[in-house]
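S.K.: Encoded as structure tokens, here's the structure I'll be asking about.
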Amino acid sequence: MNYDKVEDTFFEAFEGRYIRALITGPTEAIVKRAAYDSTSTPSAVIGRVEGGVEGFLDESQTPDGRLGAIVQYWLDGDDVEKFAFELSYRLRQDVLVKPFTRIFDYSTTDSEDYIEMMDIVGHCGDGYEWIVEEYGRKMINVPIAVPDFQIEEKFKINDGIMGGNFWYLCATPEAVLQAGEAIIDAIMDVEGATAPFDICSAASKPETNFPEIGPTTNHFYCPSLKESLGDISKVPEGVNYIPEVVINAVDEDSMNQAIKAGIDAALEFDGVVGISAGNFDGKLGDKNIRLLDILK
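Encoded structure:
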């Protein structure tokens, strides 16, 4: 692979905490809807739970012999009580309501921290819920109208890494979409990594004129502002679109593998004229990782 189009720059990453779960269901459509619905709002930057779909499993790979989706739910910080509260919305409103779904803890670490699911999900049974031992796990059985929903009793809280990213600079809208699809497919082949924003159209910056709404546009990299900003614009010549791909992962190695897989996929498209990354002079994340070091 020729990396001449890759800028010698770095991205910033930082520590985060996550739950890794497995959603199973009776059909591919239901599993995908539950997985994508429950991870659809990438919101760690505004202090809420962030989710991503890691990949999909066939019937031979799941505890209950059904189709499955591996998902991750992330928190930037240590407020576990808030994490559990925010997570409960995603599990109750986006998974429990899908017919015949179950959720298992899918952690592979030896973490001793965990969240009890009875208080935040199990009590959707209004006191009629009960514990069963099935699939080699302790499951909460929640009686609902399309009986019944099951969720594992405890989910481990694991330490991981968030915020890895790269930009693929495009000349055409076709490159944004076609390369983006290939990038996401490549990342989903990397175990332990997720792209919570999918193809992200809106790179942001820490400082803002409107703090009440959180991060706002990184105006230096907006192609539509190139002419009005003049010399302070950082949009390169010939670049009309700057989509970003953000990576959260269970560890730094998985993150770096996903970054490399995504960049390699992007560079297969002629409309991708460059690769860069979002950083803030090393002031945002505690890990600064150079793109070219990953690509060696």
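Residue numbers for the sequence shown follow our numbering, beginning at 151 and rising by one.
Even for Gly, the Cβ is constructed at its ideal location relative to N, Cα and C.
If we count the other Cβ atoms within 10 Å of its Cβ and call it buried at 16 or more, is W224 buried or exposed?
M.R.: Under a 10 Å Cβ-count criterion, W224 is classified as buried, with 16 or more other Cβ atoms of the shown protein chains found around its own Cβ.
S.K.: Roughly how many whole angstroms lie between the Cα atoms of I281 and Y168?
M.R.: 25 Å
S.K.: For the beta strand (DSSP E) that contains F233, what are its first and last residues?
M.R.: That residue, F233, is in no beta strand (DSSP E); its alpha helix (DSSP H) goes V230 to L241.
S.K.: Between which two residues does the beta strand (DSSP E) containing V181 stretch?
M.R.: Bounds of any beta strand (DSSP E) do not take in V181; it lies within the alpha helix (DSSP H) bounded by E178 to S188.
S.K.: The alpha helix (DSSP H) with K410 in it runs from where to where?
M.R.: E402 to A416
S.K.: Leaving out five residues before and five after F206 in sequence, what residues of the same chain have Cβ atoms less than 6 Å from its Cβ?
M.R.: A219
S.K.: When DSSP labels each residue in this structure, what does E283 get in the three-state scheme?
M.R.: Residue state, collapsed to three classes: strand.
S.K.: Which class does K355 belong to by DSSP, given the choice of helix, strand or coil?
M.R.: strand
S.K.: Please confirm whether V389 and L441 have their CB atoms less than 8 Å apart.
M.R.: no
S.K.: Taking 8 Å as the threshold, find out whether the segment 241 to 260 comes into contact with the segment 171 to 187 through three or more Cβ pairs.
M.R.: yes
S.K.: What separation, rounded to the nearest whole angstrom, lies between the Cα atoms of Y239 and P192?
M.R.: 14 Å
S.K.: What first and last residue would you give for the alpha helix (DSSP H) that runs through K376?
M.R.: K376 to L379
S.K.: Do you know how far the Cα of E279 is from the Cα of A343?
M.R.: 34 Å
S.K.: Between the Cα of P346 and the Cα atoms of R287, E200, D260 and D420, which residue gives the shortest distance?
M.R.: E200
S.K.: Between which residues of its own chain and E324 is the CB-CB distance below 7 Å, once the five residues before and five after are set aside?
M.R.: G421
S.K.: So, for K410: in the same chain, excluding its five sequence neighbours on each side, which residues have a beta-carbon less than 8 Å away from its beta-carbon?
M.R.: I444 and L445
S.K.: Since I believe N406 is in contact with F161 (beta carbons under 8 Å), could you give me their beta-carbon distance rounded to a whole number of angstroms?
M.R.: At roughly 10 Å, the Cβ-Cβ gap does not stay under 8 Å, so F161 and N406 are not in contact.
S.K.: Apart from the five residues just before and just after V156, which ones in its own chain have a Cβ nearer than 6 Å to its Cβ?
M.R.: I425 and L441
S.K.: List the whole-angstrom C-beta distance separating I307 from S261, where the pair is believed to meet the contact cut-off of C-beta under 8 Å.
M.R.: 6 Å
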